[in-house]
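With this note's numbering, letter number 68 in the sequence shown gets 68, and the count goes up by one each step, no holes.
Every residue gets a Cβ at the ideal spot worked out from N, C-alpha and C, and that includes glycine.
Everything numeric in this text was worked out from a predicted model, so none of it was measured.
Here the structure comes first, spelled out in structure tokens, and everything after it is commentary.
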Amino acid sequence: MSMAYKDDEEDWLTVCLKYLLFLFNFLFWVGGAAVLAVGVWTLVEKSDYLSLLASSTFAVSAYILILAGSLVVVTGFLGCCAVIREQRSCLSTYFFFLLLIFLIELVAGVLAYVYYQRLSDELKEHLNQTMTENYAQQGKETITSAVDRLQQDFKCCGSNNSQDWMLSVYIRSEQSGNRVVPDSCCKTITPDCGRRDHPSNIYKVEVTFGNKVHICGMVFTCCLHRRIKMDPY
1 MSMAYKDDEE
11 DWLTVCLKYL
21 LFLFNFLFWV
31 GGAAVLAVGV
41 WTLVEKSDYL
51 SLLASSTFAV
61 SAYILILAGS
71 LVVVTGFLGC
81 CAVIREQRSC
91 LSTYFFFLLL
101 IFLIELVAGV
111 LAYVYYQRLS
121 DELKEHLNQT
131 MTENYAQQGK
141 ETITSAVDRL
151 QQDFKCCGSN
161 NSQDWMLSVY
171 IRSEQSGNRV
181 VPDSCCKTIT
191 PDCGRRDHPS
201 NIYKVEVTFG
211 NKVHICGMVF
221 TCCLHRRIKM
231 DPY
């Protein structure tokens with residue numbers, strides 16, 4: 001009687017682990033699909049920002065998102081197959097991919113922490129130079145359009161703040177029509193709205209550019225791996 005109860009209890013635990021891992025895989029897959037979608041969207045919709053950057057950091061970041069999202073989607077699908085088939089070999093492969101993705105996340109996190117400030121300073125310096133020297137200049141229509149879109153998308157004005165535009169070739173020329181900032185700095189764009197830089201009129205903010213859940217998935221995989229009998233093949 002006690003042996004039968006113990007077997008029932010083990011079966012119940014196995015079923016619970018399967019459902020937990022299946023749920024994790026579904027969330028993991030959705031997250032990967034979201035990252036993949038953001039990468040594609042960034043490359044398609046925000047590609048005009050490339051003209052404002054000194055390096056290929058923007059494009060590389062988008063491709064990394066696409067690669068990471070694709071890897072997560074494939075891994076999530078593999079995990080679902082491993083749970084359905086209940087084969088230890090499949091679970092081992094799935095665990096390996098989870099561990100690989102987790103290590104990549106750790107390395108990316110460390111690199112982001114180490115290089116973030118330096119990259120941020122370089123981007124701001126180049127962006128400020130691009131804005132002040134090339135905005136609204138002949139032959140620089142692409143940059144002008146990208147700056148206008150950037151300021152509206154991120155609700156900002158200038159690389160650091162609206163004072164950056166005081167050094168702009170455009171603002172200091174007669175072409176500006178006595179504007180103190182471009183019209184794209186305005187909260188509501190109207191003709192010549194850039195003549196008034198009051199906080200109520202223009203944006204003053206500066207432009208700024210689940211490991212635990214992951215570990216839970218790895219733990220679920222290990223537990224289910226131990227509970228499934230050895231693969232006869």
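Could you tell me the alpha carbon to alpha carbon distance between residue i and residue j, rounded to whole angstroms?
i           : j           : result
residue 125 : residue 161 : 13 Å
residue 195 : residue 105 : 47 Å
residue 127 : residue 191 : 25 Å
residue 208 : residue 109 : Low confidence applies to residue 208: its pLDDT is 47, below 50, so where it sits in the model is not reliable enough to give any reading.
residue 95  : residue 15  : 19 Å
residue 111 : residue 103 : 12 Å
residue 293 : residue 90  : The requested residue 293 does not occur in the structure, where the chain is confined to residues 1 to 233.
residue 140 : residue 70  : 36 Å
residue 151 : residue 25  : 39 Å
residue 133 : residue 27  : 47 Å
residue 121 : residue 113 : 14 Å
residue 167 : residue 176 : 13 Å
residue 210 : residue 88  : Here the model assigns residue 210 a pLDDT of 49, short of 50, so the residue's position is not dependable and the matter cannot be decided.
residue 44  : residue 144 : 19 Å
residue 22  : residue 101 : 18 Å
residue 49  : residue 163 : 22 Å
residue 7   : residue 13  : Because residue 7 carries a pLDDT of 48, less than 50, the predicted location of this residue cannot be relied on, and no value is offered for it.
residue 174 : residue 193 : 16 Å
residue 92  : residue 86  : 11 Å
residue 178 : residue 153 : 25 Å
residue 29  : residue 35  : 10 Å
residue 199 : residue 165 : 15 Å
Using CA coordinates, which residue listed in the options is at the minimum distance from residue i?
i           : options               : result
residue 155 : 173, 175 and 186      : 186
residue 20  : 147, 102, 172 and 80  : 80
residue 235 : 77, 184, 113 and 46   : Because the chain is modelled from 1 through 233, residue 235 falls outside the range shown and cannot be assessed.
residue 76  : 31, 48 and 113        : 31
residue 147 : 172, 181 and 72       : 181
residue 17  : 107, 87, 203 and 83   : 83
residue 188 : 100, 169 and 203      : 203
residue 33  : 92, 23 and 67         : 67
residue 157 : 98, 201 and 169       : 201
residue 52  : 101, 142, 72 and 29   : 142
residue 138 : 35, 178, 169 and 74   : 169
residue 47  : 179, 165, 199 and 149 : 149
Count the other CB atoms, across all protein chains shown, that sit within 10 Å of the CB of residue i; report buried if there are 16 or more and exposed otherwise.
i           : result
residue 130 : buried
residue 159 : buried
residue 172 : exposed
residue 197 : buried
residue 72  : buried
residue 98  : buried
residue 107 : exposed
residue 74  : exposed
Hey, does residue i have any beta-carbon neighbour from chain D nearer than 8 Å?
i           : result
residue 150 : Protein chains in the displayed structure number just one, and chain D is not present.
Counting pairs of Cβ atoms below 8 Å between the region 58-69 and the region 31-41, do you hit three or more? Pairwise C-beta distances place the region 58-69 in contact with the region 31-41, as three or more of them are shorter than 8 Å.
Uninterrupted beta strand (DSSP E) stretches inside the region 111-181 (no shorter than 3 residues): Within the region 111-181, not a single complete beta strand (DSSP E) segment reaches 3 residues in length.
Quick check on the DSSP output: what are the complete alpha helix (DSSP H) runs of length 4 or more inside the region 33-104, in order along the chain? For the region 33-104, the full-length alpha helix (DSSP H) segments reaching 4 residues or more read 57-85 along the chain.
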